[in-house]
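The numbering of the sequence shown is the numbering used here, which starts it at 11 and goes up by one.
Where a beta carbon is used, it is the ideal one built from N, C-alpha and C, also for glycine.
Notes follow the structure.
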Amino acid sequence: MSFDRWRAGGRETAVIGLARSGVAAALLLRREGIPVYASDLASKPDKTVGEAGVASLAAAGAEVQLGGHDLDRIRCSGLVVVSPGVPPSAAPLEAARLAGVPIVSELDVGAAALPDARFVMITGTNGKTTTTALTGHVMREAGLAAITAGNIGRPLAQVALDRERADWIVLEVSSFQLHDTHGIVPMIGAMTNLAPDHLDRYAKLEDYYADKDRLYLHASVASCWVLNGDDGEVLRRAAGRPGTVQRFSLRGQAEGWFDRASGKVMLGEAALIPRGQLALLGDHNVANALCAALIVRQAGGSMVGIAAGLRSFRALPHRLESVREVHGVLWINDSKATNVSSTRVAVEAMDRPFVLLLGGRHKGEPYTALAEAAAGRCRGVIAYGESRDLVVGDLGGRLPVTRAGTDFGEVLSVARTLAKEGDAVLLSPACSSYDMFQDYEDRGAQFRAAVEAL
(Lines of atoms letter the chains of each structure in order from A; the text may use other names.)
(Lines give C-alpha, C1' and ligand atoms only; values in the text may rest on other atoms or scores of the structure.)
Protein backbone atom coordinates (compact mmCIF):
# COMPACT_ATOMS: atom_id res chain seq x y z
CA MET A 11 0.00 0.00 0.00
CA SER A 12 1.16 3.53 -0.74
CA PHE A 13 -0.31 6.99 -0.59
CA ASP A 14 0.63 7.56 -4.25
CA ARG A 15 -1.81 4.85 -5.29
CA TRP A 16 -4.57 6.40 -3.19
CA ARG A 17 -3.91 9.84 -4.65
CA ALA A 18 -4.52 8.56 -8.18
CA GLY A 19 -7.33 10.42 -9.92
CA GLY A 20 -7.60 13.00 -7.16
CA ARG A 21 -10.70 11.37 -5.68
CA GLU A 22 -11.40 11.71 -1.98
CA THR A 23 -11.07 8.95 0.59
CA ALA A 24 -14.10 8.16 2.73
CA VAL A 25 -13.33 7.36 6.38
CA ILE A 26 -16.17 5.45 8.06
CA GLY A 27 -16.32 5.56 11.85
CA LEU A 28 -14.81 8.37 13.89
CA ALA A 29 -13.43 6.91 17.08
CA ARG A 30 -9.67 7.03 17.73
CA SER A 31 -8.60 4.98 14.73
CA GLY A 32 -10.86 6.76 12.24
CA VAL A 33 -9.83 10.24 13.35
CA ALA A 34 -6.13 9.32 13.29
CA ALA A 35 -6.46 7.82 9.79
CA ALA A 36 -8.31 10.88 8.49
CA LEU A 37 -5.73 13.27 9.92
CA LEU A 38 -2.88 11.24 8.42
CA LEU A 39 -4.57 11.22 5.00
CA ARG A 40 -5.03 14.97 5.18
CA ARG A 41 -1.36 15.41 6.12
CA GLU A 42 -0.56 13.57 2.90
CA GLY A 43 -2.75 15.95 0.92
CA ILE A 44 -5.55 13.47 0.21
CA PRO A 45 -9.13 14.84 0.23
CA VAL A 46 -11.18 13.23 3.03
CA TYR A 47 -14.88 12.77 3.69
CA ALA A 48 -15.28 11.42 7.26
CA SER A 49 -18.60 10.21 8.66
CA ASP A 50 -20.09 8.41 11.63
CA LEU A 51 -23.57 7.07 12.30
CA ALA A 52 -23.55 8.54 15.83
CA SER A 53 -24.85 12.08 16.12
CA LYS A 54 -22.30 12.98 18.81
CA PRO A 55 -18.52 12.56 18.78
CA ASP A 56 -17.15 9.32 20.22
CA LYS A 57 -16.01 9.74 23.81
CA THR A 58 -12.47 8.65 22.89
CA VAL A 59 -11.99 11.71 20.68
CA GLY A 60 -14.59 14.22 21.87
CA GLU A 61 -15.56 17.49 20.24
CA ALA A 62 -11.89 18.43 19.96
CA GLY A 63 -11.13 15.38 17.82
CA VAL A 64 -13.90 16.14 15.36
CA ALA A 65 -12.87 19.80 15.30
CA SER A 66 -9.31 18.78 14.46
CA LEU A 67 -10.61 17.01 11.34
CA ALA A 68 -12.43 20.09 10.14
CA ALA A 69 -9.38 22.22 10.88
CA ALA A 70 -7.28 19.84 8.77
CA GLY A 71 -9.64 20.31 5.82
CA ALA A 72 -11.70 17.13 6.06
CA GLU A 73 -15.43 17.16 5.33
CA VAL A 74 -17.13 15.75 8.47
CA GLN A 75 -20.63 14.31 8.83
CA LEU A 76 -22.12 13.01 12.09
CA GLY A 77 -25.45 11.23 12.39
CA GLY A 78 -25.25 9.34 9.09
CA HIS A 79 -23.37 8.63 5.87
CA ASP A 80 -23.67 10.05 2.35
CA LEU A 81 -23.83 6.78 0.40
CA ASP A 82 -23.62 8.48 -3.01
CA ARG A 83 -20.44 10.24 -1.94
CA ILE A 84 -18.98 6.99 -0.65
CA ARG A 85 -19.76 5.25 -3.95
CA CYS A 86 -17.79 7.95 -5.77
CA SER A 87 -14.77 7.84 -3.47
CA GLY A 88 -11.45 6.33 -4.50
CA LEU A 89 -10.93 4.47 -1.23
CA VAL A 90 -12.81 3.66 1.97
CA VAL A 91 -11.05 3.41 5.33
CA VAL A 92 -13.16 1.57 7.91
CA SER A 93 -12.93 1.63 11.68
CA PRO A 94 -12.97 -1.84 13.31
CA GLY A 95 -16.24 -1.16 15.15
CA VAL A 96 -18.15 -0.85 11.85
CA PRO A 97 -19.48 -4.29 10.79
CA PRO A 98 -19.00 -5.45 7.18
CA SER A 99 -22.78 -5.44 6.69
CA ALA A 100 -23.05 -1.70 7.41
CA ALA A 101 -24.71 0.30 4.63
CA PRO A 102 -21.68 2.46 3.71
CA LEU A 103 -19.50 -0.63 3.27
CA GLU A 104 -22.15 -2.43 1.24
CA ALA A 105 -22.38 0.67 -0.97
CA ALA A 106 -18.60 0.77 -1.41
CA ARG A 107 -18.37 -2.92 -2.31
CA LEU A 108 -21.16 -2.69 -4.88
CA ALA A 109 -19.43 0.33 -6.44
CA GLY A 110 -16.07 -1.46 -6.54
CA VAL A 111 -14.41 0.94 -4.09
CA PRO A 112 -11.47 -0.67 -2.22
CA ILE A 113 -11.90 -0.95 1.56
CA VAL A 114 -8.90 -0.90 3.89
CA SER A 115 -8.29 -0.58 7.61
CA GLU A 116 -6.71 2.22 9.61
CA LEU A 117 -3.73 -0.13 10.06
CA ASP A 118 -3.12 -0.01 6.31
CA VAL A 119 -3.14 3.79 6.38
CA GLY A 120 -0.64 3.88 9.24
CA ALA A 121 1.61 1.31 7.59
CA ALA A 122 1.65 3.30 4.33
CA ALA A 123 3.30 6.15 6.25
CA LEU A 124 5.83 3.78 7.87
CA PRO A 125 7.37 1.91 4.92
CA ASP A 126 10.55 0.94 6.77
CA ALA A 127 8.89 -0.30 9.98
CA ARG A 128 9.43 -3.82 11.30
CA PHE A 129 6.13 -5.20 12.55
CA VAL A 130 5.16 -7.81 15.09
CA MET A 131 1.46 -8.71 14.77
CA ILE A 132 -0.23 -10.45 17.69
CA THR A 133 -3.75 -11.85 17.49
CA GLY A 134 -5.85 -14.64 18.97
CA THR A 135 -9.07 -14.85 20.92
CA ASN A 136 -7.73 -14.20 24.41
CA GLY A 137 -4.53 -12.81 25.87
CA LYS A 138 -3.50 -10.67 22.93
CA THR A 139 -3.57 -7.35 24.80
CA THR A 140 -1.49 -8.66 27.69
CA THR A 141 0.88 -10.41 25.29
CA THR A 142 1.28 -7.23 23.23
CA ALA A 143 2.00 -5.14 26.32
CA LEU A 144 4.38 -7.83 27.61
CA THR A 145 6.22 -7.99 24.30
CA GLY A 146 6.73 -4.24 24.12
CA HIS A 147 7.86 -4.09 27.76
CA VAL A 148 10.25 -7.02 27.45
CA MET A 149 11.69 -5.64 24.20
CA ARG A 150 12.49 -2.36 25.92
CA GLU A 151 14.02 -4.16 28.91
CA ALA A 152 16.11 -6.17 26.44
CA GLY A 153 17.46 -2.99 24.84
CA LEU A 154 15.20 -2.86 21.77
CA ALA A 155 13.28 0.33 20.99
CA ALA A 156 9.65 -0.79 20.72
CA ILE A 157 6.24 0.85 20.32
CA THR A 158 2.93 -0.91 21.00
CA ALA A 159 -0.09 0.07 18.91
CA GLY A 160 -3.25 -1.23 17.29
CA ASN A 161 -6.13 -2.74 19.22
CA ILE A 162 -4.26 -2.17 22.48
CA GLY A 163 -5.49 1.42 22.31
CA ARG A 164 -3.17 3.57 20.20
CA PRO A 165 -3.88 3.63 16.45
CA LEU A 166 -0.96 2.90 14.14
CA ALA A 167 -1.92 6.02 12.19
CA GLN A 168 -1.31 8.01 15.37
CA VAL A 169 2.21 6.56 15.60
CA ALA A 170 2.79 7.83 12.06
CA LEU A 171 1.28 11.23 12.87
CA ASP A 172 3.62 11.56 15.84
CA ARG A 173 6.56 10.60 13.59
CA GLU A 174 7.79 8.07 16.13
CA ARG A 175 10.51 5.68 15.12
CA ALA A 176 11.51 2.44 16.80
CA ASP A 177 13.28 -0.85 16.13
CA TRP A 178 9.95 -2.65 16.28
CA ILE A 179 6.26 -1.79 16.22
CA VAL A 180 4.26 -4.39 18.15
CA LEU A 181 0.63 -4.49 16.98
CA GLU A 182 -2.31 -6.08 18.69
CA VAL A 183 -4.73 -6.91 15.89
CA SER A 184 -8.34 -8.02 16.33
CA SER A 185 -10.32 -10.10 13.88
CA PHE A 186 -12.30 -6.97 13.02
CA GLN A 187 -9.09 -5.16 12.04
CA LEU A 188 -7.67 -8.14 10.13
CA HIS A 189 -10.84 -8.39 8.05
CA ASP A 190 -9.93 -5.22 6.15
CA THR A 191 -6.13 -5.13 6.54
CA HIS A 192 -4.27 -5.90 3.32
CA GLY A 193 -0.84 -4.26 3.27
CA ILE A 194 1.04 -5.04 6.48
CA VAL A 195 3.70 -7.72 6.28
CA PRO A 196 4.73 -8.85 9.79
CA MET A 197 8.27 -10.08 10.32
CA ILE A 198 6.95 -11.94 13.36
CA GLY A 199 3.33 -12.99 13.83
CA ALA A 200 1.79 -14.62 16.90
CA MET A 201 -1.46 -16.50 17.52
CA THR A 202 -2.22 -16.77 21.23
CA ASN A 203 -5.20 -19.17 20.97
CA LEU A 204 -8.51 -19.68 19.20
CA ALA A 205 -11.96 -20.07 20.76
CA PRO A 206 -15.51 -19.02 19.85
CA ASP A 207 -16.10 -15.27 20.12
CA HIS A 208 -18.00 -12.42 18.47
CA LEU A 209 -20.80 -14.72 17.34
CA ASP A 210 -23.05 -11.66 17.54
CA ARG A 211 -21.14 -10.26 14.56
CA TYR A 212 -20.10 -13.38 12.62
CA ALA A 213 -22.70 -15.64 11.00
CA LYS A 214 -20.65 -18.72 11.87
CA LEU A 215 -17.50 -19.59 13.79
CA GLU A 216 -15.55 -20.38 10.63
CA ASP A 217 -15.97 -16.77 9.47
CA TYR A 218 -14.36 -15.54 12.69
CA TYR A 219 -11.47 -17.99 12.37
CA ALA A 220 -11.03 -17.05 8.71
CA ASP A 221 -10.45 -13.43 9.70
CA LYS A 222 -7.84 -14.59 12.23
CA ASP A 223 -6.17 -16.55 9.41
CA ARG A 224 -5.47 -13.25 7.66
CA LEU A 225 -2.49 -12.95 9.99
CA TYR A 226 -0.78 -15.26 7.46
CA LEU A 227 -1.90 -13.27 4.40
CA HIS A 228 1.67 -12.37 3.37
CA ALA A 229 3.40 -15.47 4.74
CA SER A 230 6.80 -16.18 3.16
CA VAL A 231 9.93 -18.15 3.94
CA ALA A 232 11.18 -15.06 5.78
CA SER A 233 8.20 -15.08 8.17
CA CYS A 234 8.36 -16.26 11.78
CA TRP A 235 5.20 -17.53 13.48
CA VAL A 236 4.93 -17.88 17.25
CA LEU A 237 2.09 -20.31 17.94
CA ASN A 238 0.26 -21.86 20.87
CA GLY A 239 1.51 -25.43 20.77
CA ASP A 240 -1.30 -26.57 23.06
CA ASP A 241 -4.09 -25.31 20.80
CA GLY A 242 -4.95 -27.84 18.10
CA GLU A 243 -7.02 -25.36 16.10
CA VAL A 244 -4.13 -22.87 16.00
CA LEU A 245 -1.69 -25.53 14.82
CA ARG A 246 -4.12 -26.99 12.28
CA ARG A 247 -4.87 -23.65 10.68
CA ALA A 248 -1.20 -22.62 10.59
CA ALA A 249 0.01 -25.90 9.12
CA GLY A 250 1.78 -25.57 5.79
CA ARG A 251 2.19 -21.81 5.93
CA PRO A 252 5.60 -20.61 4.72
CA GLY A 253 8.04 -19.49 7.40
CA THR A 254 9.59 -20.80 10.60
CA VAL A 255 7.50 -21.78 13.63
CA GLN A 256 8.21 -21.27 17.31
CA ARG A 257 5.79 -22.99 19.70
CA PHE A 258 4.98 -22.25 23.32
CA SER A 259 3.45 -24.85 25.61
CA LEU A 260 2.29 -25.43 29.16
CA ARG A 261 2.04 -29.20 28.60
CA GLY A 262 5.39 -30.30 27.29
CA GLN A 263 8.76 -29.28 25.97
CA ALA A 264 8.78 -26.80 23.09
CA GLU A 265 10.74 -23.76 21.93
CA GLY A 266 9.14 -21.97 24.87
CA TRP A 267 7.61 -24.03 27.68
CA PHE A 268 6.73 -24.28 31.35
CA ASP A 269 8.64 -26.92 33.29
CA ARG A 270 6.15 -27.75 36.04
CA ALA A 271 8.54 -30.11 37.76
CA SER A 272 11.04 -27.33 38.42
CA GLY A 273 8.49 -24.48 38.34
CA LYS A 274 10.52 -22.59 35.73
CA VAL A 275 9.68 -20.67 32.58
CA MET A 276 11.95 -22.06 29.85
CA LEU A 277 13.26 -21.16 26.40
CA GLY A 278 14.53 -24.41 24.97
CA GLU A 279 16.90 -25.91 27.52
CA ALA A 280 17.55 -22.60 29.29
CA ALA A 281 15.59 -21.43 32.33
CA LEU A 282 14.38 -17.83 32.16
CA ILE A 283 12.78 -17.25 35.56
CA PRO A 284 11.01 -19.22 38.31
CA ARG A 285 7.22 -19.05 38.00
CA GLY A 286 7.04 -17.16 41.28
CA GLN A 287 8.90 -14.21 39.75
CA LEU A 288 6.16 -13.67 37.16
CA ALA A 289 3.69 -11.36 38.92
CA LEU A 290 0.63 -12.49 36.96
CA LEU A 291 -2.21 -14.78 38.03
CA GLY A 292 -3.04 -17.97 36.17
CA ASP A 293 -1.46 -20.46 33.80
CA HIS A 294 -2.78 -18.48 30.84
CA ASN A 295 -0.42 -15.66 31.78
CA VAL A 296 2.50 -18.09 31.78
CA ALA A 297 1.50 -18.86 28.18
CA ASN A 298 1.34 -15.13 27.40
CA ALA A 299 4.81 -14.67 28.90
CA LEU A 300 6.21 -17.55 26.87
CA CYS A 301 4.71 -16.12 23.68
CA ALA A 302 6.24 -12.70 24.39
CA ALA A 303 9.62 -14.23 25.29
CA LEU A 304 9.78 -16.15 22.01
CA ILE A 305 8.89 -13.03 20.02
CA VAL A 306 11.57 -10.95 21.72
CA ARG A 307 14.15 -13.71 21.30
CA GLN A 308 13.37 -13.85 17.57
CA ALA A 309 13.75 -10.06 17.43
CA GLY A 310 17.26 -10.29 18.87
CA GLY A 311 16.65 -9.74 22.59
CA SER A 312 19.07 -11.33 25.07
CA MET A 313 18.05 -13.98 27.59
CA VAL A 314 19.10 -11.70 30.45
CA GLY A 315 16.99 -8.82 29.11
CA ILE A 316 13.99 -11.08 28.49
CA ALA A 317 14.16 -12.43 32.04
CA ALA A 318 14.41 -8.91 33.47
CA GLY A 319 11.38 -7.82 31.44
CA LEU A 320 9.25 -10.74 32.60
CA ARG A 321 10.17 -10.06 36.25
CA SER A 322 9.26 -6.38 36.09
CA PHE A 323 5.97 -6.60 34.18
CA ARG A 324 2.74 -6.02 36.13
CA ALA A 325 -0.84 -6.93 35.28
CA LEU A 326 -2.76 -4.55 33.03
CA PRO A 327 -5.92 -2.93 34.37
CA HIS A 328 -9.11 -4.99 34.00
CA ARG A 329 -7.23 -8.26 33.38
CA LEU A 330 -7.29 -10.39 36.55
CA GLU A 331 -6.36 -7.23 38.41
CA SER A 332 -6.31 -7.74 42.18
CA VAL A 333 -7.98 -4.54 43.39
CA ARG A 334 -8.11 -4.91 47.15
CA GLU A 335 -8.71 -7.37 50.00
CA VAL A 336 -11.51 -6.30 52.36
CA HIS A 337 -12.30 -8.31 55.51
CA GLY A 338 -10.49 -11.29 54.05
CA VAL A 339 -12.26 -11.14 50.65
CA LEU A 340 -10.13 -10.45 47.56
CA TRP A 341 -11.90 -8.39 44.87
CA ILE A 342 -10.59 -9.09 41.35
CA ASN A 343 -11.30 -6.98 38.26
CA ASP A 344 -11.33 -9.03 35.07
CA SER A 345 -13.68 -6.75 33.15
CA LYS A 346 -11.75 -7.39 29.90
CA ALA A 347 -13.17 -10.94 29.89
CA THR A 348 -15.88 -10.36 27.30
CA ASN A 349 -16.31 -13.95 26.11
CA VAL A 350 -16.90 -17.32 27.75
CA SER A 351 -13.46 -18.76 27.03
CA SER A 352 -11.76 -15.77 28.66
CA THR A 353 -13.95 -16.08 31.76
CA ARG A 354 -13.21 -19.79 31.92
CA VAL A 355 -9.49 -18.99 31.99
CA ALA A 356 -10.08 -16.58 34.87
CA VAL A 357 -12.17 -19.13 36.76
CA GLU A 358 -9.45 -21.76 36.36
CA ALA A 359 -6.89 -19.29 37.72
CA MET A 360 -8.74 -18.92 41.05
CA ASP A 361 -6.91 -20.52 43.97
CA ARG A 362 -9.66 -19.85 46.55
CA PRO A 363 -13.47 -20.12 46.64
CA PHE A 364 -15.09 -17.28 44.69
CA VAL A 365 -18.25 -15.43 43.80
CA LEU A 366 -18.53 -14.85 40.05
CA LEU A 367 -20.15 -11.70 38.61
CA LEU A 368 -21.42 -12.78 35.21
CA GLY A 369 -23.48 -10.85 32.69
CA GLY A 370 -23.87 -7.94 30.32
CA ARG A 371 -24.79 -7.93 26.64
CA HIS A 372 -24.90 -11.46 25.24
CA LYS A 373 -22.45 -12.29 22.43
CA GLY A 374 -23.99 -15.50 21.14
CA GLU A 375 -22.18 -18.25 23.06
CA PRO A 376 -23.78 -20.41 25.79
CA TYR A 377 -22.45 -20.14 29.35
CA THR A 378 -22.67 -23.87 30.05
CA ALA A 379 -18.90 -24.36 29.63
CA LEU A 380 -18.38 -22.43 32.87
CA ALA A 381 -20.23 -24.96 35.01
CA GLU A 382 -17.56 -27.64 34.91
CA ALA A 383 -14.70 -25.15 35.32
CA ALA A 384 -16.32 -23.54 38.38
CA ALA A 385 -17.72 -26.67 40.02
CA GLY A 386 -16.67 -27.21 43.62
CA ARG A 387 -15.06 -23.79 44.05
CA CYS A 388 -17.74 -21.30 43.05
CA ARG A 389 -19.61 -19.94 46.06
CA GLY A 390 -22.20 -18.48 43.74
CA VAL A 391 -22.85 -16.78 40.39
CA ILE A 392 -24.56 -13.41 40.28
CA ALA A 393 -26.29 -13.06 36.90
CA TYR A 394 -26.90 -9.44 35.90
CA GLY A 395 -27.56 -7.22 32.91
CA GLU A 396 -29.30 -8.07 29.65
CA SER A 397 -28.01 -11.66 29.62
CA ARG A 398 -29.07 -12.54 33.18
CA ASP A 399 -31.94 -14.84 32.15
CA LEU A 400 -29.69 -16.68 29.71
CA VAL A 401 -27.07 -17.14 32.45
CA VAL A 402 -29.72 -18.47 34.85
CA GLY A 403 -31.02 -20.82 32.16
CA ASP A 404 -27.56 -22.17 31.30
CA LEU A 405 -26.09 -22.47 34.80
CA GLY A 406 -29.07 -22.73 37.16
CA GLY A 407 -29.19 -26.19 38.73
CA ARG A 408 -25.48 -26.72 38.01
CA LEU A 409 -24.13 -23.81 40.06
CA PRO A 410 -25.80 -21.65 42.72
CA VAL A 411 -27.08 -18.67 40.70
CA THR A 412 -28.60 -15.44 42.00
CA ARG A 413 -30.50 -13.32 39.48
CA ALA A 414 -29.79 -9.59 39.82
CA GLY A 415 -30.90 -6.65 37.71
CA THR A 416 -29.14 -3.82 35.91
CA ASP A 417 -28.10 -1.85 39.00
CA PHE A 418 -24.37 -2.48 39.47
CA GLY A 419 -24.54 -1.32 43.07
CA GLU A 420 -27.08 -4.07 43.76
CA VAL A 421 -24.81 -6.63 42.10
CA LEU A 422 -21.89 -5.71 44.33
CA SER A 423 -24.10 -5.64 47.43
CA VAL A 424 -25.25 -9.20 46.75
CA ALA A 425 -21.64 -10.25 46.20
CA ARG A 426 -20.71 -8.91 49.65
CA THR A 427 -23.40 -11.01 51.29
CA LEU A 428 -22.34 -14.20 49.48
CA ALA A 429 -18.55 -13.94 49.91
CA LYS A 430 -16.97 -15.33 53.06
CA GLU A 431 -13.58 -14.63 54.59
CA GLY A 432 -10.92 -16.29 52.44
CA ASP A 433 -13.03 -16.01 49.27
CA ALA A 434 -12.62 -13.88 46.17
CA VAL A 435 -15.20 -11.83 44.25
CA LEU A 436 -14.38 -12.13 40.56
CA LEU A 437 -15.79 -9.70 38.00
CA SER A 438 -15.30 -11.72 34.82
CA PRO A 439 -18.51 -11.06 32.85
CA ALA A 440 -18.15 -13.20 29.66
CA CYS A 441 -20.23 -10.50 27.95
CA SER A 442 -19.79 -7.11 26.38
CA SER A 443 -20.47 -4.12 28.61
CA TYR A 444 -22.69 -2.03 26.34
CA ASP A 445 -25.97 -2.71 28.14
CA MET A 446 -24.89 -0.88 31.31
CA PHE A 447 -21.50 0.76 30.67
CA GLN A 448 -19.66 2.75 28.02
CA ASP A 449 -17.12 -0.06 27.55
CA TYR A 450 -15.24 -2.72 29.50
CA GLU A 451 -12.89 -0.06 30.91
CA ASP A 452 -15.82 1.89 32.33
CA ARG A 453 -17.22 -1.33 33.83
CA GLY A 454 -13.88 -2.15 35.43
CA ALA A 455 -13.36 1.41 36.66
CA GLN A 456 -16.78 1.44 38.35
CA PHE A 457 -16.01 -1.91 39.97
CA ARG A 458 -12.63 -0.67 41.18
CA ALA A 459 -14.09 2.57 42.56
CA ALA A 460 -16.82 0.69 44.44
CA VAL A 461 -14.29 -1.73 45.94
CA GLU A 462 -11.99 1.11 46.99
CA ALA A 463 -14.97 2.70 48.75
CA LEU A 464 -15.84 -0.41 50.77
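Three-state secondary structure (DSSP) of residue i
| i | result |
| --- | --- |
| Q149 | According to the sequence shown, residue 149 is Met rather than Gln. In this structure, M149 counts as helix in the three-state DSSP scheme. |
| Y444 | coil |
| N136 | coil |
| G242 | helix |
| T23 | strand |
| P102 | helix |
| D14 | helix |
| A159 | strand |
| D221 | helix |
| E182 | strand |
| L437 | strand |
| E95 | Per the sequence shown, the amino acid found at residue 95 is Gly instead of Glu. It is coil, neither helix nor strand. |
| L204 | coil |
| V119 | helix |
| D269 | strand |
| L209 | coil |
| A48 | strand |
Residue i versus residue j - alpha carbon distance
| i | j | result |
| --- | --- | --- |
| R3 | V46 | This structure does not reach residue 3, given that the chain is present from 11 up to 464, and the question cannot be answered. |
| F258 | E265 | 6 Å |
| G370 | T412 | 15 Å |
| L171 | V391 | 46 Å |
| S345 | R458 | 10 Å |
| I132 | G374 | 25 Å |
| N349 | E216 | 17 Å |
| V435 | W341 | 5 Å |
| K137 | N298 | A small fix is needed here, since residue 137 is Gly in this sequence, not Lys. If you take the alpha carbons of G137 and N298, they lie about 6 Å apart. |
| E174 | L38 | 14 Å |
| L81 | G153 | 49 Å |
| D241 | P94 | 26 Å |
| E182 | T145 | 10 Å |
| Y212 | A68 | 34 Å |
| V64 | A109 | 27 Å |
| N238 | L288 | 19 Å |
| E451 | F13 | 35 Å |
| Q75 | D50 | 7 Å |
| E73 | G60 | 17 Å |
| I305 | V296 | 14 Å |
| D210 | S184 | 15 Å |
Span of the alpha helix (DSSP H) around residue i
| i | result |
| --- | --- |
| M313 | 313–322 |
| L38 | 30–41 |
| V76 | Position check: residue 76 holds Leu in this sequence, whereas Val was assumed. First-last for L76: 73–76, but that is the beta strand (DSSP E), not the alpha helix (DSSP H). |
| S115 | Note, S115: premise wrong, no alpha helix (DSSP H); beta strand (DSSP E) at 113–115. |
| E61 | 60–69 |
| A460 | 450–462 |
Beta-carbon proximity list for residue i, same chain, < 6 Å, skipping 5 on both sides
| i | result |
| --- | --- |
| V111 | S87, V90 |
| E358 | A383 |
| P102 | I26, H79, I84 |
| L291 | L330, A359 |
| E396 | R371, D445 |
| E151 | G315, A318, G319 |
| P165 | R30, S31, A34, E116 |
| L422 | A460 |
| A121 | G193, I194 |
Span of the beta strand (DSSP E) around residue i
| i | result |
| --- | --- |
| S259 | 254–259 |
| S87 | Premise fails: S87 is in no beta strand (DSSP E) and is neither H nor E. |
| K54 | That residue, K54, is in no beta strand (DSSP E); it is neither H nor E in DSSP. |
| L282 | 280–284 |
Neighbourhood of residue i by C-beta, 7 Å cutoff - its chain only, sequence neighbours within 5 removed
| i | result |
| --- | --- |
| F418 | M446, Q456 |
| A381 | L405, R408, L409 |
| R261 | D240 |
| L188 | T133, D221, K222, R224, L225 |
| H337 | E431 |
Residue i: CB within 6 Å of a non-hydrogen atom of the ligand MN
| i | result |
| --- | --- |
| W16 | Although the ligand MN was asked about, the structure shown includes no ligands whatsoever. |
8 Å Cβ shell around residue i - same chain, five flanking residues per side excluded
| i | result |
| --- | --- |
| A248 | M201, Y226, W235, L237, V255 |
Item to check | Within the region 286–365, ranges of the beta strand (DSSP E) (whole runs, at least 3 residues) | outcome: 331–336, 339–343
Next on the checklist: In chain order, what are the residue ranges of uninterrupted beta strand (DSSP E) at least 3 long that sit wholly in the region 353–423?
Outcome noted: 364–369, 388–394, 411–413
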